[in-house]
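Note that the numbering used here has the sequence shown beginning at 6, numbered continuously upward.
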Amino acid sequence: MTKRVREHKIETPKEKQNRHKAMEAISLLEKIKHDFKEPPKAMNYFYDLYERVHCRHESLHADKVKVGTMCIQVPSEIIHALDAVPLRLCNGFYTDDEIGSDLLPSKACPLVKATVGQFVSGNFSDKPDLVISPTTCDQKAKSGAIIEEMGYKLFDMEFPRTKESAESREYWRRSVRKFTKELSTDLGKKLTKKNLKESIKKVGYAQHLYHKLNILRKNENSPILGLDMFLVTNAFFFDDLDNWIKATSELLKECAQRVEDEFNTATKKSPRIVYTGSPPIFPNLKIPLLIEDSDAIIVADETCSSNRMFNDMVSVDEWFVNDMVDSVADRYLKGCTCPIFTKNNDRIRRIIDLVKEYKADGVVYQAFAGCQVYEMEQRSVLQAMEKEGIPIIYLESDYSPSHLGQLTTRIEAFIESLKNRRRKKQ
Ligand code: SF4
Ligand code: SF4
Numbered sequence: 006m007t008k009r010v011r012e013h014k015i016e017t018p019k020e021k022q023n024r025h026k027a028m029e030a031i032s033l034l035e036k037i038k039h040d041f042k043e044p045p046k047a048m049n050y051f052y053d054l055y056e057r058v059h060c061r062h063e064s065l066h067a068d069k070v071k072v073g074t075m076c077i078q079v080p081s082e083i084i085h086a087l088d089a090v091p092l093r094l095c096n097g098f099y100t101d102d103e104i105g106s107d108l109l110p111s112k113a114c115p116l117v118k119a120t121v122g123q124f125v126s127g128n129f130s131d132k133p134d135l136v137i138s139p140t141t142c143d144q145k146a147k148s149g150a151i152i153e154e155m156g157y158k159l160f161d162m163e164f165p166r167t168k169e170s171a172e173s174r175e176y177w178r179r180s181v182r183k184f185t186k187e188l189s190t191d192l193g194k195k196l197t198k199k200n201l202k203e204s205i206k207k208v209g210y211a212q213h214l215y216h217k218l219n220i221l222r223k224n225e226n227s228p229i230l231g232l233d234m235f236l237v238t239n240a241f242f243f244d245d246l247d248n249w250i251k252a253t254s255e256l257l258k259e260c261a262q263r264v265e266d267e268f269n270t271a272t273k274k275s276p277r278i279v280y281t282g283s284p285p286i287f288p289n290l291k292i293p294l295l296i297e298d299s300d301a302i303i304v305a306d307e308t309c310s311s312n313r314m315f316n317d318m319v320s321v322d323e324w325f326v327n328d329m330v331d332s333v334a335d336r337y338l339k340g341c342t343c344p345i346f347t348k349n350n351d352r353i354r355r356i357i358d359l360v361k362e363y364k365a366d367g368v369v370y371q372a373f374a375g376c377q378v379y380e381m382e383q384r385s386v387l388q389a390m391e392k393e394g395i396p397i398i399y400l401e402s403d404y405s406p407s408h409l410g411q412l413t414t415r416i417e418a419f420i421e422s423l424k425n426r427r428r429k430k431q
């Protein structure tokens, strides 16, 4: 009699990492889909997109050159114009954060550790062919060098640490011109008046859709969760631009209908929140999840993984290549409110404007443990909010699933205080 031997497939470390990442992705998506009031049907495109990329490891850009960008400051208009795909490498996976911890100090920013960790494991569904690293924050700049040591082709892009002066504007313009020239040479593609104009218009149209969607969030009835909005904006990091535009147009139509129907994804009592601080990046949406799980609704944000990506549009005086490149550069410097700048009054102004425009009850300021600039800037932001009479809570967090109890207690207490404040006002 032949013995039947049961085969046990031994999981490779890469398969194990991928399985852990898929679990992180699915667990968040399931909560968003099922723990809240009926999501817009158009969100199914985005839920499916995350599953395709993070669970089924489907490549979205197999036939294109992929340009990895280490920060929001890399102009995507120029990459698109050169017929390549920008892929923002800022990463929110705890699995990758743990892998990156072997190379970086344990106190480093989790976003940076996760970004480096993904390069160590190589678990990309679309692997970048080259990487652009702007010298924005110190940790980003140093991690760029580590990635280069791993054998990746990397271009540094010098970024100024002040933004008000004519010198910093000129310095950044030169940097963008140099990046454009080097990328064009490397890809063997010419930047023309036609391709750059088309690309500026297409990215501008995506920004326009985002703005229209945001205007609907000013309504007293919230047509969409803040969590869903983070999924939409985070998808802009890696999705095909035409597909993103199509899906966002559908979502916009549906949300407009919801406003007309007075559909509210929250309740009348739910405090309205403006979110600011270190960027929430899929699947590390734990603070937004705790906020919306505690009966509040995020109506606007000031973060570089969402609102800041779409803020200012390129404003062109002359449609000549050099003028367009300079106009693209200006949009990225002027619109940036990252605390890497010496002075950052624009950020405070923007948060106050958002609170007023979106009739928010309070602000949640979250900083990643290890991100010194966001940690240091909290003092000036808290003082400014206090002066304006805007309630604000400051939270420090990382990517680990621990400390959830403490965070939940603090967030629930803050939201309760906002509800009480509202009651007293009535
Ligand atoms: S937090 Fe600042 S440095 Fe980091 S990705 Fe965002 S804009 Fe860039
Ligand atoms: S959160 Fe802080 S340390 Fe991390 S990338 Fe942004 S600025 Fe740099």
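Glycine included, C-beta positions come from ideal geometry on N, C-alpha and C.
The beta-bridge partner set that DSSP reports for PHE41 is empty.
Straight across, the Cα-Cα distance linking THR238 with LEU87 is about 23 Å.
Where ILE398 is concerned, there is no enclosing alpha helix (DSSP H), although the beta strand (DSSP E) around it starts and stops at 397 to 402. With fewer than 16 neighbouring CB atoms inside 10 Å of its own CB, ILE15 falls in the exposed class. Contact annotation: the region 273 to 285 touches the region 304 to 315, with at least three C-beta pairs closer than 8 Å.
At a Cβ-Cβ threshold of 8 Å, GLU393 and ILE420 do not count as neighbours. Using a cutoff of 7 Å, the CB of LYS145 counts as near ligand 2, since one of the ligand's heavy atoms is closer than that. For the 8 Å CB-CB criterion, THR253 and LEU295 do not form a contact. At a threshold of 7 Å, THR141 counts as near ligand 1, since its beta carbon sits closer than that to one of the ligand's heavy atoms.
Pairing SER180 with LYS199, the inter-Cα distance amounts to about 22 Å.
Just measuring C-alpha positions, the residue of ASP247, ILE292 and LEU230 sitting nearest GLU43 is LEU230. With a cutoff of 8 Å on beta-carbon distance, LYS361 and ARG277 are scored as not near each other.
Boundaries of the beta strand (DSSP E) around LEU159: 159 to 162. Here DSSP, grouped into helix, strand and coil, assigns LEU290 to coil. DSSP, reduced to helix, strand and coil, places VAL208 within a helical segment of the structure shown. Using a Cβ distance threshold of 8 Å, VAL368 and VAL279 count as a contacting pair. Here the alpha carbons of PHE242 and GLY156 stand approximately 23 Å from one another. Within 7 Å of the C-beta of ILE395 there is not a single heavy atom belonging to ligand 1. Residue state for TYR363 is assigned as coil, using DSSP reduced to three classes.
Here the C-alpha atom of LEU236 lies approximately 26 Å from the C-alpha atom of ARG354. ARG415 places its beta carbon less than 8 Å from that of LEU400. Straight-line spacing of the CA atoms in GLU417 and THR100 works out to 28 Å. Take LYS348, set aside five residues on each side of it, and the residues of its chain with a beta-carbon closer than 8 Å to its own are THR167 and GLU169, in chain order. Between ASN289 and TYR379, the C-beta gap is not smaller than 8 Å, which leaves the two residues out of contact. When the five nearest sequence neighbours on each side are left out, the beta carbons in the same chain lying within less than 8 Å of the beta carbon of GLU63 are those of ARG57 and SER130, in order along the chain. Within the same chain, GLN144 and GLY375 come within 7 Å of ALA113 by CB-CB distance, once the 5 residues on both sides are set aside. Around the Cβ of PRO80, a 10 Å sphere holds 16 or more other Cβ atoms; the residue is buried. By the criterion of a C-beta distance shorter than 6 Å, ILE37 is surrounded in its chain by LEU232, once the five residues flanking it on both sides are discounted. Going by DSSP, GLU307 is part of the beta strand (DSSP E) stretching over 302 to 307.
Between GLU307 and LEU359, the CB-CB gap stays under 8 Å.
Using a cutoff of 7 Å, the CB of GLN123 does not count as near ligand 1, since none of the ligand's heavy atoms is closer than that. Contact check for THR185 against VAL330 passes: the beta carbons are separated by less than 8 Å. Within 7 Å of the C-beta of SER385 there is not a single heavy atom belonging to ligand 2. Residue environment for MET381: exposed (fewer than 16 other C-beta atoms within 10 angstroms of its C-beta). Counting along the chain, the unbroken beta strand (DSSP E) around ARG93 starts and ends at 89 to 93. In this structure, LEU159 places its C-beta atom within 8 Å of the C-beta atom of VAL136.
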